[in-house]
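Engineer:
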Amino acid sequence: MLQERVALSLREHTRIFEETFLMQAGHLASFAERVVATFNQGGRLLIIGSGPLGPVADLMANLFLHRLSLERPPLPALSLSQNATFASSLARDNQDIQFFSRQLRVMAGEQDIVLALCDQSRNETLLEGLAEAAQLGSITAATHGKEEFPGEQPDFLFRITSDSPPRTVEATVFFAHLLGELVEKSLFGI
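Per UniProt numbering, residue 1 is the first one in the sequence shown, and the count goes up by one each step.
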């Protein structure tokens with residue numbers, strides 16, 4: 001019975017990845033090109049994510065800052081997901097919805113891309129962060145579940161075709177690695 005569960009999970013994982021990434025391959029390539037252009041023009045990739053996608057935002061930023069598969073210069077990416085002191089200060093004052101928007105207000109500009117890693121739920125903190133980024137003139141992007149995006153449509157939207165929170169995290173980690181690979185290939189020819 002457990003072996004059947006392994007096979008079922010693997011089939012589900014494969015289906016989600018194929019539906020998510022093969023169907024959006026051109027869109028993902030366009031986004032990677034936009035990230036490369038942003039880096040070449042002195043802009044940054046600012047990544048926001050909450051809950052289980054907060055650590056994925058950190059991982060994604062680290063893939064750009066350090067490397068994926070070759071020694072290369074660091075690329076300007078930053079995760080805004082892990083300032084616990086700031087988060088608790090905002091929560092104390094019932095302003096936790098402003099966790100990303102306040103950080104973006106002082107960090108983001110027209111030259112930057114703000115990428116929100118979202119799951120199936122409506123997350124007001126991420127939505128307010130994206131709205132702030134759009135108001136500042138940043139390019140906005142988001143990953144999201146199958147349902148309609150609950151806020152203002154970002155410039156780039158990538159649908160993760162799963163209702164399962166663990167599968168959404170897995171697909172978002174793959175999205176991070178794939179975007180990093182595409183950007184490295186474009187910038188460094190590998």
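Ideal placement from N, C-alpha and C gives every residue a C-beta, glycine not left out.
Return the chain-ordered ranges of every beta strand (DSSP E) run that is complete within the segment 39-113 and spans a minimum of 3 residues.
Structural biologist: Listed in chain order, the complete beta strand (DSSP E) runs (minimum 3 residues) inside the segment 39-113 are 45-49 and 77-79.
Engineer: Please report the distance separating the alpha-carbon of leucine 68 from that of serine 101.
Structural biologist: Translated into the one-based positions of the sequence shown, residue 68 becomes position 68. Translated into the one-based positions of the sequence shown, residue 101 becomes position 101. Answer to the nearest angstrom: the Cα atoms are 29 Å apart.
Engineer: Assuming threonine 161 is part of the alpha helix (DSSP H), what are its boundary residues?
Structural biologist: In the sequence shown, the residue the question calls residue 161 occupies position 161. Premise fails: threonine 161 is in no alpha helix (DSSP H) and is neither H nor E.
Engineer: Within 10 angstroms of the Cβ of histidine 66, are there 16 or more other Cβ atoms? Answer buried if so, exposed if not.
Structural biologist: For the purposes of this step, residue 66 is taken as the residue at position 66 of the sequence shown. Flag for histidine 66 reads exposed.
Engineer: Let's see if you can read the secondary structure: which residues bound the beta strand (DSSP E) around threonine 143?
Structural biologist: As a working mapping, residue 143 is identified with position 143 in the sequence shown. That run of the beta strand (DSSP E) goes 139-144.
Engineer: Spell out a yes or no on whether the segment 98-117 and the segment 42-53 are touching, meaning 3 or more CB-CB pairs, one atom from each, closer than 8 Å.
Structural biologist: Flag = yes, the segment 98-117 and the segment 42-53 touch.
Engineer: Ends of the alpha helix (DSSP H) at threonine 14?
Structural biologist: The residue you call residue 14 lines up with position 14 of the sequence shown. From DSSP, the alpha helix (DSSP H) with threonine 14 extends over 2-17.
Engineer: Excluding the 5 residues preceding and the 5 following proline 165 in the sequence, name in chain order all residues of the same chain whose CB lies nearer than 8 Å to its CB.
Structural biologist: Position 165 of the sequence shown, counted from the start, is the residue given in the question as residue 165. Same-chain partners within the cutoff: Pro52, Asp119 and Gln120.
Engineer: Between phenylalanine 39 and the rest of its own chain, which residues show a CB-CB distance below 8 Å, the 5 nearest in sequence each way excluded?
Structural biologist: Within the sequence shown, numbered from 1, the residue matching residue 39 stands at position 39. Closer than 8 Å at Cβ, skipping near neighbours: Leu45, Leu75, Pro76, Val183 and Leu187.
Engineer: Give me, in chain order, the residues of the same chain whose beta-carbon lies closer than 6 Å to that of glutamate 71; leave out the 5 immediate sequence neighbours on both sides.
Structural biologist: The sequence position of residue 71 within the sequence shown is 71, counting from 1. The answer is none, since no qualifying residue turns up.
Engineer: Closer than 7 Å by C-beta to serine 138: which residues in its own chain qualify, once you throw out the five before and the five after it? Chain order, please.
Structural biologist: The residue you call residue 138 lines up with position 138 of the sequence shown. Correct list, in chain order: Ala108, Gly109, Glu110, Asp112, Ile113 and Val114.
Engineer: What residue range does the alpha helix (DSSP H) around glutamine 135 cover?
Structural biologist: Within the sequence shown, numbered from 1, the residue matching residue 135 stands at position 135. Counting along the chain, the alpha helix (DSSP H) containing glutamine 135 begins and ends at 124-135.
Engineer: So lysine 185 and threonine 161 are in contact, right, with Cβ under 8 Å, and what is the actual spacing, rounded?
Structural biologist: Taking the sequence shown and counting its residues from 1, one reaches residue 185 at position 185. Taking the sequence shown and counting its residues from 1, one reaches residue 161 at position 161. Their Cβ separation, rounded to whole angstroms, is 25 Å, which puts lysine 185 and threonine 161 out of contact at 8 Å.
Engineer: Measuring CA to CA, which of Leu80, Met23 and Leu28 is closest to serine 50?
Structural biologist: Sequence index remark: in the sequence shown, residue 50 carries index 50 (1-based). Minimum Cα distance to serine 50 is reached at Leu80.
Engineer: Report yes if the C-beta distance between glycine 129 and leucine 104 is below 7 Å; otherwise report no.
Structural biologist: Taking the sequence shown and counting its residues from 1, one reaches residue 129 at position 129. Taking the sequence shown and counting its residues from 1, one reaches residue 104 at position 104. A contact, by the Cβ cut-off of 7 Å.
Engineer: For proline 154 versus alanine 171, is the C-beta distance shorter than 7 Å?
Structural biologist: As a position in the sequence shown, residue 154 is number 154, starting the count at 1. As a position in the sequence shown, residue 171 is number 171, starting the count at 1. No, these two residues do not count as a Cβ contact at 7 Å.
Engineer: Is it buried or exposed for asparagine 123, if we count other Cβ within 10 angstroms and need 16 for buried?
Structural biologist: Taking the first residue of the sequence shown as 1, we reach residue 123 at position 123. That one is buried.
Engineer: Report the rounded CA-to-CA distance for aspartate 58 versus serine 88, giving the unit in angstroms.
Structural biologist: Within the sequence shown, numbered from 1, the residue matching residue 58 stands at position 58. Within the sequence shown, numbered from 1, the residue matching residue 88 stands at position 88. So the two alpha carbons sit approximately 19 Å from each other.
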